[in-house]
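Worksheet for the structure shown next.
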Amino acid sequence: MTTPDRSAGAELIRAEPGVALWRRIVHVIEAEITDGTHPPGAKLPTEAQFSARFGVNRHTVRRALEELSRSGLVRVEQGRGSFVAEDVLDYAVAPRTRFSEWIRRHNKEPSGRILDLREIAADATVAAGLGIRTGARVIRLERLGMADGRPVSLGTHHFPAARFPGLLAALQSAVTITEALARAGVSDYRRQVTRVTARLPQPNEAELLRTPRNRPLLITENVNVDQNGAVVEFGVSRYPTPRVQIVFEP
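Mapping to full-length UniProt numbering: the sequence shown position 151 is 151, numbers consecutive.
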């Protein structure tokens, strides 16, 4: 990325007399994003660099970046800087929604990182989702899903431990949940229920998903069943907006 010199930057924002300085900077950065000077996902210059380029104070630059963030064109990651927003990924909720297939459909490479994997006692919410008694043993998997190395989902998955005695070990070594379930005897499964809500992220969620604290997350509660209709998984997934939008398919 090439940063124009200060005189060129100052000339650009002088071209709109009568318009607030911060808004003139917004127009310049918008134009540069549109023409590909700053491509999707690229890190923008720092406030200090923009300030020097345009010959304005950092408060003016900060106001411009805040406006670009509100419009969804730029995302600000605390401690990392400002980035051009990527294209929105449509997450299609269908009977056989699979994470890897979803990401590859957008010509991106899927990957994941296990954050937590252990056996615990089911609380009332998990027990209701799995159709088991409160306190029964369940396998809990928390996983960060990524597209081209960018986090796009944070999922907490629960499986009935009594039904799948070998699943914990399978989840430790399998690349995907689908592969782990296949090793445990579930050749296929489908989505039975999806509930969608939204809320602001908790601090750890914002950090893991690299999303601002003031941007809501899309939350899905999912129940997956096998070919006989028996529940195999209850999960809660969080998706950062506007990086992901949920689409329901018949």
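Heads up, the beta-carbon is just placed ideally off N, CA and C, and yes, glycines get one too.
Assignment of Pro-203 by DSSP, reduced to helix, strand and coil, places it in the helix class.
Residue environment for Glu-86: buried (at least 16 other C-beta atoms within 10 angstroms of its C-beta). Non-local beta-carbon contacts of Thr-220 in its own chain, meaning distances under 6 Å to residues more than five positions away in sequence, involve Thr-194, Val-196, Ser-237 in chain order. Taking 4 residues as the minimum length, the alpha helix (DSSP H) runs contained wholly in the segment 190-248 are 203-209, in order along the chain. With contacts defined as CB atoms closer than 7 Å, Pro-160 and Ile-177 fail to qualify as a contacting pair. As computed with DSSP, Asp-90 is found in a beta bridge with Gln-245. Straight-line measurement puts the Cα of Val-28 at about 11 Å from the Cα of Asp-35. Sequence-distant Cβ neighbours of Tyr-189 in its own chain, meaning closer than 6 Å and more than five residues away, are Asn-224, Asp-226, Val-232. For Arg-105, the uninterrupted alpha helix (DSSP H) run begins and ends at 99-105, by DSSP. Within the DSSP bridge table, the entry for Thr-156 names Glu-142, Val-236 as partners. Bounds of the alpha helix (DSSP H) holding Arg-24 are 21-34. Its chain contains Leu-144, Gly-145, Leu-208, Leu-209, Arg-210, Pro-240 as the residues whose beta carbon lies nearer than 8 Å to that of Pro-151, once the 5 sequence neighbours on both sides are disregarded; these appear in chain order.
Leu-89 places its beta carbon 7 Å or farther from that of Val-247. A check of alpha carbon separations from Ala-184 across Arg-63, Pro-165, Gln-192 identifies Pro-165 as the nearest. Per DSSP, the beta bridge partners of Pro-151 are Met-146. Around the beta carbon of His-158, 16 or more other beta carbons sit within 10 angstroms, so the residue counts as buried. No Cβ-Cβ contact shorter than 7 Å links Phe-54 with Ile-33. Here Ile-103 is buried, its C-beta having at least 16 other C-beta atoms within 10 Å. Here Pro-40 is near Val-84, since their CB atoms are less than 7 Å apart. Taken through DSSP and simplified to helix, strand or coil, Glu-77 comes out as strand. Gly-112 and Ser-153 have their C-alpha atoms some 9 Å from each other. Bridge partners of Glu-119 according to DSSP: Ile-139. Straight through space, the alpha carbons of Gly-79 and Leu-171 are spaced by roughly 33 Å.
Excluding five sequence positions before and after Arg-137, the CB atoms of its chain that fall closer than 7 Å to its own CB belong to Glu-119, Ala-121, Ala-161, Ala-162, given in chain order.
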